[in-house]
Structures are given as structure tokens and as C-alpha cells.
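J.: I'd like to ask some things about the structure below.
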Amino acid sequence: MLVSKYFTLLLLAVFLVACGNKDKEKKENFSYEKTMEAPKAASSNPNDVVITGNDGMQFNKKEIRVEAGKKVKITLRHIGKMDKNVMGHNFVLLKQGVDVMTFGPKAAAFKDSEYIPANTQDVIAHTKLIGGGETAVIEFDAPEPGVYDFICSFPGHYALMKGKFIVE
């Protein structure tokens, strides 16, 4: 009986020491630098815009506001994993008055030019078509103040991947 009490106490002591070391080990290996990504500094230039597209056919922005009369820089990042032949994305800024539901199906016929219709007068600026993990950057002069539509012209994407580009 005495042996079993000592054996039980010994097992309890080993258990407590082992648990205590695990907690200490976790605390020693914990650091904010390893577990949290530092926030990225926001650009002070409102005309320097980063927009992302994903494998769920979504842009992360539905509205972009820029200042008139200045250079605009659009950085498009495809944060998905799918290839551009399956889930390609681009950023297409349409001129005022261009109907998205008319332009989108028309653009789908232009695979060889990355879904940008040849000789179009409907587009102000556009990126190249990119796939998962890729980035495209374009720069252009802001158009006249007003509201413009932007879309992804990959077939079928324009129905979901669209937003308003507001020049103030």
C-alpha cells in the first residue's frame, strides 16, 4: 500500500513537471514578430491603389476614389492559386457611358488579346491578364471627374468583379 502511494505521488510529480515544461516551452517560443504580421503602411497618395482578385471571382474593392488631374497607379494582385487560363483576372477601366453588360460578353470573344476587344474605344486603361500569385501594375492619367465602371473582363467575371471608379 505504501509503495502504491509513493508510486502515485511519483507519477503525479512527473506529470506536473512535464506539464510545467510544456507551458514554459510555449512561452519561450512565443513572440509577436513570429505570430503577427506587421501592418503595412498605407500609401499617402490616394491615386496609388492596390486591388486584389481571388479564386472566388471577387475584387476586394467595390469602389475606388482618386483625385482628378493626377497620375493613377493601379496594382492588381491575384491572391488565388488558379492559373490565368482557368481563373484569370484583369482590371479594366471603362469610359463613362459604356454598358458593362454589353462590353463583358463582347470582350469574351477576344481571348488572344486577353479579353480586351481589338480597336476598342470603350477602355481608358487595363492591366494584363494574370493568374494566381501574379501582380500587374498600370499607370495612367486620371480621367475627368465623374463615375466610371471597372471590371474584370475574363469571360463571365464582369457580373461579379465590378465596381465604381470615382474621380473627384
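Under mature numbering (1 follows the signal peptide of the UniProt record, and there is no 0), residues -18 to -1, 1 to 150 are what the sequence shown spells out, in order. All C-beta atoms, glycine included, are put in the ideal place defined by N, C-alpha and C.
(1) What is the DSSP secondary structure of Phe132, counted as helix, strand or coil?
(2) Considering only their Cβ atoms, is the gap separating Asp104 from Lys146 smaller than 8 angstroms?
(3) DSSP state of Asp123, grouped into three classes?
(4) Taking the straight line between their C-alpha atoms, what separation do you get for Val149 and Gly79?
(5) Just to check my reading of the structure: Met64 and Gly114 have Cβ atoms closer than 8 angstroms, yes? What is that Cβ distance to the nearest angstrom?
(6) Taking the straight line between their C-alpha atoms, what separation do you get for Phe136 and Lys43?
(7) Leaving aside the five residues before and after Lys88 along the sequence, list all residues of the same chain whose C-beta is less than 7 angstroms from its C-beta, in chain order.
(8) Can you give me the start and stop residues for the beta strand (DSSP E) that Lys146 sits inside?
(9) Would the stretch 31 to 42 and the stretch 83 to 97 be scored as touching if the rule is three or more Cβ pairs under 8 angstroms?
(10) Do the CB positions of Val48 and Ala124 come within less than 8 angstroms of each other?
(11) Taking Ile61 as the reference, which of Glu116, Asp131, Phe132, Pro127 has the closest Cα?
(12) When you compare each of Val68, Thr57, Glu126 to Val74 by their alpha carbons, which one comes out closest?
(13) With a Cβ-Cβ cutoff of 8 angstroms, do Lys66 and Leu111 count as a contact?
T.: The relevant details are as follows:
(1) strand
(2) No; because the gap between Cβ atoms is not below 8 angstroms, this pair is not in contact.
(3) strand
(4) 15 angstroms
(5) 5 angstroms
(6) 17 angstroms
(7) Pro99
(8) 144 to 149
(9) Taking 8 angstroms as the limit for Cβ pairs, the verdict is that the stretch 83 to 97 does not touch the stretch 31 to 42.
(10) yes
(11) Comparing Cα-Cα distances from Ile61 to each of Glu116, Asp131, Phe132, Pro127, the minimum goes to Glu116.
(12) Thr57
(13) yes
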